[in-house]
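Report on the following structure.
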Amino acid sequence: MQIDRSESLRRLSETVEQNEPIIGAGAGTGISAKFAERGGVDLLIIYNSGRYRMNGRGSLAGMLPYGDANEIVVEMGHEVIPVVEDTPVLAGVNGTDPFRQMDVFIADLKRRGFSGVQNFPTVGLIDEDSEFRQNLEETNMGYDKEVEMIHEASEQGLLTCPYVFNPDQARDMAEVGADVVVAHMGLTTSGDIGAETALDLDTAANRVQEIHDTVKDVNDDAMVICHGGPIAWPDDAAYVLENTEGVVGFFGASSIERLPTEEAIEQQASEFKDINLG
Numbered sequence: 001m002q003i004d005r006s007e008s009l010r011r012l013s014e015t016v017e018q019n020e021p022i023i024g025a026g027a028g029t030g031i032s033a034k035f036a037e038r039g040g041v042d043l044l045i046i047y048n049s050g051r052y053r054m055n056g057r058g059s060l061a062g063m064l065p066y067g068d069a070n071e072i073v074v075e076m077g078h079e080v081i082p083v084v085e086d087t088p089v090l091a092g093v094n095g096t097d098p099f100r101q102m103d104v105f106i107a108d109l110k111r112r113g114f115s116g117v118q119n120f121p122t123v124g125l126i127d128e129d130s131e132f133r134q135n136l137e138e139t140n141m142g143y144d145k146e147v148e149m150i151h152e153a154s155e156q157g158l159l160t161c162p163y164v165f166n167p168d169q170a171r172d173m174a175e176v177g178a179d180v181v182v183a184h185m186g187l188t189t190s191g192d193i194g195a196e197t198a199l200d201l202d203t204a205a206n207r208v209q210e211i212h213d214t215v216k217d218v219n220d221d222a223m224v225i226c227h228g229g230p231i232a233w234p235d236d237a238a239y240v241l242e243n244t245e246g247v248v249g250f251f252g253a254s255s256i257e258r259l260p261t262e263e264a265i266e267q268q269a270s271e272f273k274d275i276n277l278g
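Mind the numbering: the sequence shown is residues 1 to 278 in my numbering, read in order.
This is the structure in structure tokens:
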């Protein structure tokens, strides 16, 4: 069910006014979406990495040429949107895709029941100082295309929740009307296929705060939430929220669907194997 941007923003603002965090959840499967919604999340986000992640592959598979990211998110929409009752569902859009007429694609996503968008896959995960990233920027496949995609989605009345990785990107996204800016701290740690290299929580909190302050300088109405890197478990998110000012929530993908699934299935299987036949 497509939920109007103004209604989505009203709900998010009400959540913050009630001193509750905004929680977004990645949903790589319908069952992830169904039970994340029952758990009370405020937003559901589906993108190609969710499919790879819930098939036992690392989330960065979504950054590699294993499939058409924008076509995959449309397919996943068929699986997820019908089981969601009353939560905005956002599409992860590959804004650098040179084979999409982006205004037409975004309109189609809205028609299919998506309530908003996020920029994923994102070249923001690629080191800005690397030759590869520089080449992408030089050949019209850079982060600026993701900013343009968010702007287009905002113009079409969709909720926009972009990933940003530094204050400059935060400013760019805020200037084109981003509603909820997600301060991305890198690939999530923990679990069987999580990253091992990440910031410490204090450094992450400082970076999230810098992004928050930049966004608010441009648009005081925009909201900022955190995601990724060492912010993997509820205690981690609580620590970052307690050690920042004005940051109003957390978006968890691996944190909400992969990590609990890994633990729960392993534990359940182990308990069945512990049954004594004798």
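Don't be surprised by glycine CBs; every beta carbon is placed ideally from N, CA and C.
Computed from a predicted structure; not experimentally measured.
Simplified DSSP assignment, three categories, for residue i
i: residue 132; result: helix
i: residue 160; result: strand
i: residue 2; result: coil
i: residue 275; result: coil
i: residue 269; result: helix
i: residue 43; result: strand
i: residue 27; result: coil
i: residue 183; result: strand
i: residue 194; result: Because the pLDDT at residue 194 is just 45, under 50, the model does not fix this residue reliably, and the value given afterwards should be weighed accordingly. In the structure shown, residue 194 sits in coil (DSSP, three-state: anything other than H, G, I, E or B).
Nonlocal neighbours in the same chain, by C-beta distance under 6 Å from residue i, ignoring five residues either side
i: residue 94; result: 69, 70 and 121
i: residue 112; result: 77
i: residue 172; result: 147
Distance between beta carbons of residue j and residue i, contact taken as under 8 Å
i: residue 169; j: residue 110; result: That pair is no contact at about 25 Å.
i: residue 230; j: residue 236; result: 6 Å
i: residue 51; j: residue 28; result: 5 Å
i: residue 187; j: residue 59; result: 6 Å
i: residue 54; j: residue 258; result: 7 Å
i: residue 248; j: residue 16; result: 5 Å
Same chain, Cβ closer than 7 Å to residue i, neighbours up to 5 away in sequence not counted
i: residue 63; result: 121 and 125
i: residue 228; result: 184, 185, 186, 187 and 188
i: residue 201; result: 230, 236, 239 and 240
Boundaries (first-last residue) of the alpha helix (DSSP H) holding residue i
i: residue 170; result: 167 to 175
i: residue 30; result: 30 to 38
i: residue 153; result: 143 to 155
Own chain partners of residue i with C-beta closer than 8 Å, once the 5 adjacent residues on each side are dropped
i: residue 279; result: Residue 279 is absent from the structure shown; the chain starts at 1 and stops at 278.
i: residue 279; result: Residue 279 lies beyond the residue range present for the chain, which begins at 1 and ends at 278; the question has no answer from this structure.
Contact test: residue i Cβ vs the ligand ATP heavy atom, cutoff 6 Å
i: residue 231; result: In the structure on display, the ligand ATP does not appear, and there are no ligands present to speak of.
- Query: Which full runs of the alpha helix (DSSP H) of 4+ residues lie inside the region 230 to 263, going along the chain?
  - Reply: As far as the region 230 to 263 is concerned, its whole alpha helix (DSSP H) runs of at least 4 residues are 234 to 242.
- Task: Would you mind listing the beta strand (DSSP E) stretches within the region 51 to 125 that are 3+ residues and don't spill past its ends, in chain order?
- Result: 89 to 93 and 116 to 119, all fully within the region 51 to 125.
- Message: Extract the residue ranges of the alpha helix (DSSP H) inside the region 196 to 230, only unbroken runs of 4 or more that lie entirely within it.
- Response: Taking only runs of at least 4 residues, the alpha helix (DSSP H) segments lying wholly in the region 196 to 230 are 201 to 218.
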